[in-house]
Structure formats: structure tokens, C-alpha cells
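Note sheet for the following structure.
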Amino acid sequence: MVEPDSDSPGRSGRWVLFAGVYAVYFAFGVVALSIPPLVGEVRADLGLSRSGMGLALGAWQLVYLGSAPPAGRLVDRLGVRRAIAIGAVVVIASGLLRAAAGNLLALWAAIALFGVGGPLISAGAPRAVALWFDD
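One point on numbering: in my numbering, the residue at position 120 of the sequence shown is 111, and numbering is uninterrupted.
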């Protein structure tokens, strides 16, 4: 387990890190909500049925449920900075793979990948704030 002080920035640096965490969490939300406004276009482009689209859209929540507990342990093991950075890379990869998906399986896998990176951000962000703003 990482010692609490190992992820604690100085008083002046904590606001910079907070802004970074805020930006990552904002990007998390943007990627999570990127497809719902475009359901019609995505369905037409990939030739998906309504049920296929629903299956794809629910992929990240399904994976998230199983990956959240280990993600919390990973945040403790790696530290919040590293865990949030890994989560951000995975979420970015999910967004890029969504854009490149050419069929239901590829779209499902790209969206499911978000369910792996998302919990690292969701568990890491509150932990970061608790560590950095303990006064």
C-alpha cells in the first residue's frame, strides 16, 4: 500500500493537480456521453439494430461493475497519480477505438474498455482530493 504522503503535493502544487484531475474527470464524462446523442448516426453507419446498439451502450456499465473493486485496490497499490493517469490513457483509448469501430463487436469492445479505465478515475479522483486537501 502506498503511504498517504507519497501522493501529497505541496500546498501550491495541489491546485494544479486538482485542475488536472478535474480535466480528466471532465474527459471521462465526455467520452461516457459521446455516443448517446449520435445513436441514429452510429446505428446507420454500422448497420446496427436497436438491440445491438443497446448492447453496445451498456457494455461499459457491465464491465465497470466487475472492475471497480479491483480498481480501488489498484489505486491503493499504485497511488492516485499513476492510477488516474492509467485510467485516463484507457479512457482515451476507448474513445479512439469507438471512432474506429466498424462493427458491433469492435464497438462493444471499445465501449467495454471504458469500464476498465473509468473506475480508476472514479476511485482515484475522490482519493486524490482527500489526500491533497486534508486541511
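Cβ atoms here follow ideal geometry from the backbone N, Cα and C, with glycine treated the same way.
Burial state of residue i (16 or more Cβ within 10 Å)
i: tyrosine 55; result: buried
i: glycine 93; result: exposed
i: phenylalanine 105; result: buried
i: leucine 96; result: exposed
i: alanine 62; result: buried
i: glycine 109; result: buried
i: proline -5; result: Interpretation of proline -5 is limited by its pLDDT of 46, a score under 50 that renders its predicted location unreliable; the figure taken from the coordinates is listed afterwards. Exposed, because fewer than 16 other Cβ atoms sit within 10 Å of the Cβ of proline -5.
i: leucine 24; result: exposed
Straight-line Cα distance separating residue j from residue i
i: isoleucine 102; j: glycine 11; result: 24 Å
i: leucine 87; j: leucine 69; result: 25 Å
i: valine 120; j: alanine 35; result: 42 Å
i: glycine 31; j: arginine 2; result: 48 Å
i: alanine 47; j: proline 60; result: 23 Å
i: alanine 100; j: glycine 38; result: 17 Å
i: alanine 50; j: tyrosine 13; result: 25 Å
i: phenylalanine 17; j: valine 33; result: 23 Å
Residue i and residue j closer than 8 Å at C-beta
i: valine 7; j: isoleucine 75; result: no
i: glycine 78; j: glycine 115; result: yes
i: serine 129; j: valine 22; result: Here the chain comprises residues numbered -8 to 126, so residue 129 is not present and cannot be evaluated.
i: valine 71; j: arginine 41; result: no
i: isoleucine 111; j: valine 66; result: Per the sequence shown, the amino acid found at residue 111 is leucine instead of isoleucine. In this structure, valine 66 lies closer than 8 Å to leucine 111 by Cβ.
i: valine 107; j: valine 80; result: no
Bounding residues of the alpha helix (DSSP H) (the contiguous stretch that carries residue i)
i: serine 42; result: 41 to 48
i: arginine 2; result: That residue, arginine 2, is in no alpha helix (DSSP H); it is neither H nor E in DSSP.
i: glycine 31; result: 30 to 37
Per-residue DSSP class, three states only, for residue i
i: alanine 97; result: helix
i: valine 107; result: helix
i: aspartate 125; result: coil
i: alanine 92; result: coil
i: phenylalanine 25; result: Going by the sequence as given, residue 25 is serine instead of phenylalanine. Coil, per DSSP.
i: glycine 11; result: helix
i: aspartate -4; result: Confidence in aspartate -4 is poor, its pLDDT being 46 and thus under 50, which makes the residue's placement unreliable; the coordinate value appears in the next sentence. Three-state result, aspartate -4: helix.
i: alanine 57; result: For the record, residue 57 in the displayed sequence is glycine; it is not alanine. Glycine 57: helix per DSSP, three-state reduction.
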